[in-house]
Structure formats: structure tokens, C-alpha cells
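**Student:** These protein sequence lines are chains A and B, in that order. Mapped onto our numbering, the consecutive letters of the first sequence carry residue numbers 58 to 285. Mapped onto our numbering, the consecutive letters of the second sequence carry residue numbers 132 to 445. I am attaching a structure below and will ask some questions about it afterwards.
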Amino acid sequence: MLEIKNLAVSYGKNEVLKNVNLTFAAGMIHGVLGINGAGKSTLFNTIYGFKKPNAGSAQFQDRTIQNGDIGFMETSCYFYPLMTGMEYLKLLGIQNQDFDIKKWNELFELPLHEYVENYSTGMKKKLAFIGVIAMDRPILILDEPFNGVDIESNEKLLQLLIRLKSTNKIIIIASHIIESLTRICDRINLLENGIIKTTFEKAEFPILEKELKDSIKLKIDDVLEGLV
Amino acid sequence: MNTIFTFLNFRIKQFFRSIREIGIPLFLILLLVTTGLTFKVLVFLSEVQGIEMGIFSLIVIASIHLARKDTHFLKSLTVSRPLLFLAEYSLLLLPVSVLLLFLGKIEPAIYWQLGMLPIVFFPAGNFKNNKIAPLINLDRIPFKYFEVKLGLRKMFFGIVLLYSVALSCSFFIGTLILFSIFLLMLLPAFFEYFEPKEMIVLEYEKGNFLKNKIFTHLLIFQIALLPHYLLFLFYHFEMWYLGLACFIGLSLGIMFNIVYKYASYRPNVPKMFSNTFQAVFLATLVMPGLVLASIGMIIYFWRKANKNLAYYYA
Chain A
58 MLEIKNLAVS YGKNEVLKNV NLTFAAGMIH GVLGINGAGK STLFNTIYGF KKPNAGSAQF
118 QDRTIQNGDI GFMETSCYFY PLMTGMEYLK LLGIQNQDFD IKKWNELFEL PLHEYVENYS
178 TGMKKKLAFI GVIAMDRPIL ILDEPFNGVD IESNEKLLQL LIRLKSTNKI IIIASHIIES
238 LTRICDRINL LENGIIKTTF EKAEFPILEK ELKDSIKLKI DDVLEGLV
Chain B
132 MNTIFTFLNF RIKQFFRSIR EIGIPLFLIL LLVTTGLTFK VLVFLSEVQG IEMGIFSLIV
192 IASIHLARKD THFLKSLTVS RPLLFLAEYS LLLLPVSVLL LFLGKIEPAI YWQLGMLPIV
252 FFPAGNFKNN KIAPLINLDR IPFKYFEVKL GLRKMFFGIV LLYSVALSCS FFIGTLILFS
312 IFLLMLLPAF FEYFEPKEMI VLEYEKGNFL KNKIFTHLLI FQIALLPHYL LFLFYHFEMW
372 YLGLACFIGL SLGIMFNIVY KYASYRPNVP KMFSNTFQAV FLATLVMPGL VLASIGMIIY
432 FWRKANKNLA YYYA
């Protein structure tokens, strides 16, 4: 279990996360939903250790998170210039002897012997995704994994995540595509202005969708009144 | 260890691929032209003491280490990062160490190889310009000198570090020369972006666009560098001609970067695509006997820039 306790993070005077408390259980897919700037990426960066919190902590199995605990797929991953997809996966999967790159690549059919800089956005996303799998970590954090991915690959990603759930991993996903989240998540945390506003269980997802649609409609109506 | 070997193996491949990317013929030409630079470095290396080499090595590696963009990727690898940095930087510094050993300079070679040691324990990529840049108030610089603003925003930390280290080490005779070479290498980053056509039209209509641009930028850069020249004269007055050479070299560098920018200028294109000519220019500037070629390049691109600007705006 991954526990976030009283987490507070700020950039200068700007408080991005305020007293966030969350629990992520193993064998489940957890969604984190929020508008741009809500604090999703900051939450992930803090859990992973890129950002130091002002207060609070993140603990995995009642101990501090260590380097090999988390596989983190960022919104935009870094790829070295003149690096092939194969080299990228070999480096990330070096500790995982059972990882069969060719077999995994049958899923997305990426040109692994070409330089990653020549890949499209979607292809880079898929490569980064296989990279996270190659690391074989107990916690997977995926920040916007569906961005720029075609319909077929999106479906493959969803199916794959459902299968990964059965390996008892903790899977945490942030996405703007609510339909994808509601399809695979067991629990969705709504992050708003740096606080967890509500946590929705699977049975409550229709309520979440309705609430979101209503609130967006209200905002649009407010702005467009008198304009259109 | 397996991860480190795989990583280094990739880095070596990456180096050879970059040679293949620029093309073997062009690489050979650049190698030939930069032989002059290598020669100058060799002369410099044969004169320096061990501790100076250690400091130089630390500065070179620190500038690479603090600007690393792969820190997030490296965190994904379950490997000791100081060990990985140590292996990578050792490999990077090795050719110069071999060169020093070949010259019989054992102590400087050891200092060169080990000078970078403290930096491997320091978090990499820690001083990102994009984090610092918003904190720097450059509002006082008028917008028409946007190249200066842009360069400072892009490389503020590096420039401040380089500027202060060069000032504090000005009692070494080679400091101003090395500082000038580093600055010449940084200059293209100031002038790589093209301004919107409205900005050019505004200045172009006043006449003497290129001349004014060159004059004002020479003034800005050389005033900023004045403390370096003065300190050089203070410590090494008997070598005044070296200071003058640096002044002329940097002035030529500024002129070239401006004329080259407007020779390649195209409206609606945000920035220059290639830096090859800047590299060739730098090589001609530092290679003995080729200064005339660098002046020739300035004249060639000056004409080309004038024609180019006249085509779009006259």
C-alpha cells in the first residue's frame, strides 16, 4: 500500500498541494483527475522524489519510498538524441531478466532500431509505456498515458493496464480523458486547487461524470452569456 | 555495474553516430580546420600547472553536469548516480589526459582527470535556466536589444558562472583567452532567433540597419567585458597585445553572428537551422593565419545580409 500523508507542496509562494491525504491499494487502478494546474503532476513528482514536499510524506509498505519502487511515465519523457528505441528499452529493462523486448513490442510494432527522435508523439508515448513495464516496479505512475495515442493503441493500453492490475501492482493514472479513466479505474480522486475534493468509487463514476459535465456547462454558460 | 557499462556503451555509440550525422566529409573538414584550435589548446596545456588543470576540469564538467536534461531518466535506472557520473565524466576527460600524458605532463593529467570529482556528488541539472529566468528582471534592457535579453535568459547561470570565474582567475594569463573562446562559442545562442518582421521594418526604415545593429551590440558586449580587459592589463600589462587580440576576436565574433543572422533571415521562420558556419568561423578565428578568412566571411555574409534584407524590406 502507498500512503500519502498530509502532503503540502509549493513553488515559491504558490501552494500547489495542500494537506493531501491518499491511500493507493495494490491490485487496483487509481485515477487522478483534475484540470490543468490542479496539481496532478506535482503530486506525482513529489511521490517519485523529484520535488521535496514542504510537509507530509509518501510511504510504501510503511517505509520511505526507495529508488526501485516506482516506474514513472511522465507527461513528456526524456529521450537521448541519437538513441534507438531498442537501446532505450534495454537500459530501462536491464534489471529485469525476464523482459522480452521483441515480444512486448509485438503489441505496438514500434520501429525499435530507428532513433526515437524520429518517432511520432504517439510512438514515443508507447515506447515510454513499454519502458515503464520493462522496469517491473511494484508501483506504476502514469501521467497522461493516453495523450497523442491512436484509438487502437489506446484500447491496447487500457487492456494491458487491466491485465497489469492482476499482477498486484499499484497503478496510478492521471488523465484528462475521463472515459478512459472510468473504464479501467477502481477509484478516482478528484484534485481541485491542490486538495482532494472527492474520491469516487467505481459505482459512483456516473455521478462523477454528471458532476463534471454539469460544472463545465455552468462555466461555459457563464462565460458565453451575451457573447454567443 | 552492468547498467553503467550499457550506458557508457550507448554514449560511445552516440558520439560516433553524431559524427555520421554531420557527415564524414564535413567532419573531416571541421577536424582539419579545428587542428589550429587543438594546437592552441596543446600549447596552453603544456604550460599550465596541475592545480589549474583541476580547476579547469571542474568548471568544464560542472557546466555540463548542472545543465543535464536527463536527470529524470537517470532516476529510473537503479544505479548509483555519482558512480554513473564518475564513469561518464572520466570517459569524457580521458582524451585530454592521454594527450597530457603524451606530452609528459603527468601531474596535470591526474588533476585533469580527478578535478571533476566533487561535482559527481552534486545533484545534476540542478540549476535550470527556465527556473531562474523568470526571477531575473531584464525589463531595463530595451526590447530592441532582444538578442541580449534572450541570451541572458537562456544561459543566465552559465554566463554568470563563466563571467565570475574568469574575473576571479584573471591573474592567470590564459584566462582571458579561454574566456573569449567560451564567449565566442556562446555568441550564436544570442543571435539564433529571428525577430518578427514588424520589428525589423521599424528599424530598417531609419536606415543603416546592419551598421547600427553591429555598433550597438559591440558597445553592449564590450562594455560588459571591460572589467576583464582592465584586469588583464593590470596583471599582464607586458602582454597587452593578447588583450587586444581578444578584444578584436570578440568584436569580429559579434559582427559575424549579426551578419550571418540576417544573411539567413527569413520572415515567419522562428530560428536558424544550422550552426555549421558559426563553427567554421570560430575555427578560422582561432587558427593561426586564418584571421583573414574570418574577415572574408564577415564581408561575404555582410553583403548577403544586405541583399537579403533589401529583398524583404527595401
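Idealized CB from N, CA, C, for every residue including glycine. Just so it is clear, the structure is predicted and the values come from calculations on it, not from any experiment.
Would you report the Cα separation of Phe252/B and Pro213/B, rounded to the nearest angstrom?
**Tutor:** Rounded to the nearest angstrom, the two C-alpha atoms are 5 Å apart.
**Student:** What's the gap between the Cα of Thr80/A and the Cα of Lys276/A?
**Tutor:** Near 31 Å, if we compare the C-alpha coordinates of Lys276/A and Thr80/A.
**Student:** Per DSSP, what kind of secondary structure is Ser301/B in: helix, strand or coil?
**Tutor:** Looking at Ser301/B - three-state DSSP - the assignment turns out to be coil, as it is neither helix nor strand.
**Student:** Leaving out five residues on either side along the sequence, give the residues of the same chain with a beta carbon under 8 Å from the beta carbon of Leu341/B.
**Tutor:** Cβ neighbours of Leu341/B beyond the five flanking positions: Ile389, Val390, Tyr393, Trp433, Ala436, Asn437, Leu440.
**Student:** Taking the C-alpha atoms as reference points, what is the distance between Lys259/A and Phe165/A?
**Tutor:** Roughly 29 Å between the two C-alpha positions.
**Student:** Candidates Thr239/A, Ser133/A, Phe156/A: which alpha carbon is nearest Met143/A's?
**Tutor:** Measuring from the Cα of Met143/A, the nearest candidate turns out to be Phe156/A.
**Student:** Between the region 177-184 of chain B and the region 235-244 of chain B, are three or more C-beta pairs nearer than 8 Å?
**Tutor:** Touching, yes.
**Student:** Candidates Ser149/B, Ser295/B, Gly289/B, Leu197/B: which alpha carbon is nearest Phe446/B's?
**Tutor:** No information on residue 446/B is available, as it lies outside the stretch 132 to 445 that chain B covers here.
**Student:** What does Glu201/A touch in chain B if you count any residue whose Cβ is under 9 Å from its own?
**Tutor:** Residues of chain B passing the Cβ test: none, with the nearest at roughly 15 Å.
**Student:** Can you pull the chain C residues whose beta carbon is under 8 Å from the beta carbon of Met192/A, in chain order?
**Tutor:** Absent from the structure: chain C. Protein chains present are A and B.
**Student:** May I ask you to list the residues that DSSP assigns as paired with Gln116/A?
**Tutor:** BP columns for Gln116/A point to Glu60/A, Thr121/A.
**Student:** Can you pull the chain A residues whose beta carbon is under 9 Å from the beta carbon of Phe216/B, in chain order?
**Tutor:** None at all; the shortest Cβ gap to chain A is about 15 Å.
**Student:** Thinking C-alpha only, which one of Leu225/B, Tyr396/B, Met370/B, Leu375/B is nearest Leu357/B?
**Tutor:** With distances taken between Cα atoms, Leu357/B lies closest to Leu375/B.
**Student:** Just list the residues that DSSP pairs Arg244/A with in beta bridges.
**Tutor:** In the DSSP output, where bridge partners are listed per residue, Arg244/A has His87/A, Glu258/A.
**Student:** Shorter than 8 Å from the beta carbon of Phe107/A to some beta carbon of chain B?
**Tutor:** Output row for Phe107/A: interface = yes.
**Student:** Could you give the distance in angstroms between the alpha-carbon of Phe138/B and the alpha-carbon of Leu423/B?
**Tutor:** In a straight line, the C-alpha of Phe138/B is about 44 Å away from that of Leu423/B.
**Student:** My guess is that Leu383/B and Ser425/B are in contact by the Cβ rule of under 8 Å, so how many angstroms apart are they, rounded?
**Tutor:** Yes, they are in contact, since the Cβ atoms of Leu383/B and Ser425/B sit about 6 Å apart, within 8 Å.
**Student:** Sort Leu224/B, Thr134/B, Ile190/B by Cα distance to Phe310/B and report the nearest one.
**Tutor:** Of Leu224/B, Thr134/B, Ile190/B, the residue nearest in Cα terms is Ile190/B.
**Student:** Out of Phe107/A, Asn102/A, Tyr135/A, Asp278/A, state which residue places its alpha-carbon closest to the alpha-carbon of Gly188/A.
**Tutor:** Minimum Cα distance to Gly188/A is reached at Tyr135/A.
**Student:** Can you tell me which residues form a DSSP beta bridge with Tyr324/B?
**Tutor:** Tyr324/B is bridged to Lys402/B.
**Student:** Following the continuous alpha helix (DSSP H) through Met192/A, name the residue where it begins and the one where it ends.
**Tutor:** It spans 178-192 - the alpha helix (DSSP H) in which Met192/A sits, taken as one unbroken run.
**Student:** Val77/A and Ile253/A - do their beta-carbons sit closer together than 8 Å?
**Tutor:** Yes.
**Student:** With Leu364/B as the anchor, note down where its alpha helix (DSSP H) starts and where it stops.
**Tutor:** Where Leu364/B is concerned, the enclosing alpha helix (DSSP H) stretches over 340-366.
**Student:** Tell me, please, whether the CB atom of Asn268/B is closer than 8 Å to any CB atom in chain A?
**Tutor:** No, its Cβ sits nowhere closer than 8 Å to a Cβ of chain A.
**Student:** Does Leu296/A have its Cβ less than 8 Å from a Cβ in chain B?
**Tutor:** Look at the range of chain A in this structure, 58 to 285, and you will see that residue 296/A is not part of it.
**Student:** Among Arg194/A, Leu217/A, Met192/A, Ala191/A, which has the Cα closest to the Cα of Phe203/A?
**Tutor:** That would be Leu217/A, whose Cα lies nearest to the Cα of Phe203/A.
**Student:** Going by other Cβ atoms of all chains shown within 10 Å of its Cβ, with 16 needed for buried, is Pro156/B buried or exposed?
**Tutor:** Burial call: exposed.
**Student:** Using a C-beta cutoff of 8 Å, does Arg148/B count as contacting chain A?
**Tutor:** Chain A contact via Cβ: present.
**Student:** How close, in whole Å, do the beta carbons of Leu265/A and Ile241/A come, if the pair is a contact with beta carbons under 8 Å?
**Tutor:** The Cβ separation is near 14 Å, so there is no contact.
**Student:** The region 140-163 of chain A: which residues have C-beta closer than 7 Å to a C-beta of chain B, in chain order?
**Tutor:** Going along the region 140-163 of chain A in chain order, one finds Met140, Glu144, Lys147, Leu148, Leu149, Ile151, Gln152 with a Cβ nearer than 7 Å to chain B.
**Student:** Ile228/A and Phe117/A: beta carbons closer than 8 Å?
**Tutor:** Not closer than 8 Å, so no.
**Student:** Could you name the residues of the region 304-315 of chain B whose beta carbon sits closer than 7 Å to any beta carbon of chain A, in the order they occur along the chain?
**Tutor:** Hits within the stretch: zero.
**Student:** Are Val279/B and Phe321/B touching if we call contact CB-CB under 8 Å?
**Tutor:** Taking 8 Å as the Cβ cut-off, Val279/B and Phe321/B qualify as a contacting pair.
**Student:** Applying the 10 Å Cβ sphere with the 16-neighbour rule, what's the burial state of Gln409/B?
**Tutor:** Buried, because 16 or more other Cβ atoms sit within 10 Å of the Cβ of Gln409/B.
**Student:** Among the candidates Ile143/B, Phe136/B, Pro398/B, Phe363/B, whose CA atom is the shortest distance from the CA of Pro226/B?
**Tutor:** Minimum Cα distance to Pro226/B is reached at Ile143/B.
**Student:** For Phe186/A, does the count of other Cβ atoms within 10 angstroms reach 16, so buried, or fall short, so exposed?
**Tutor:** When all chains shown are included, Phe186/A counts as buried.
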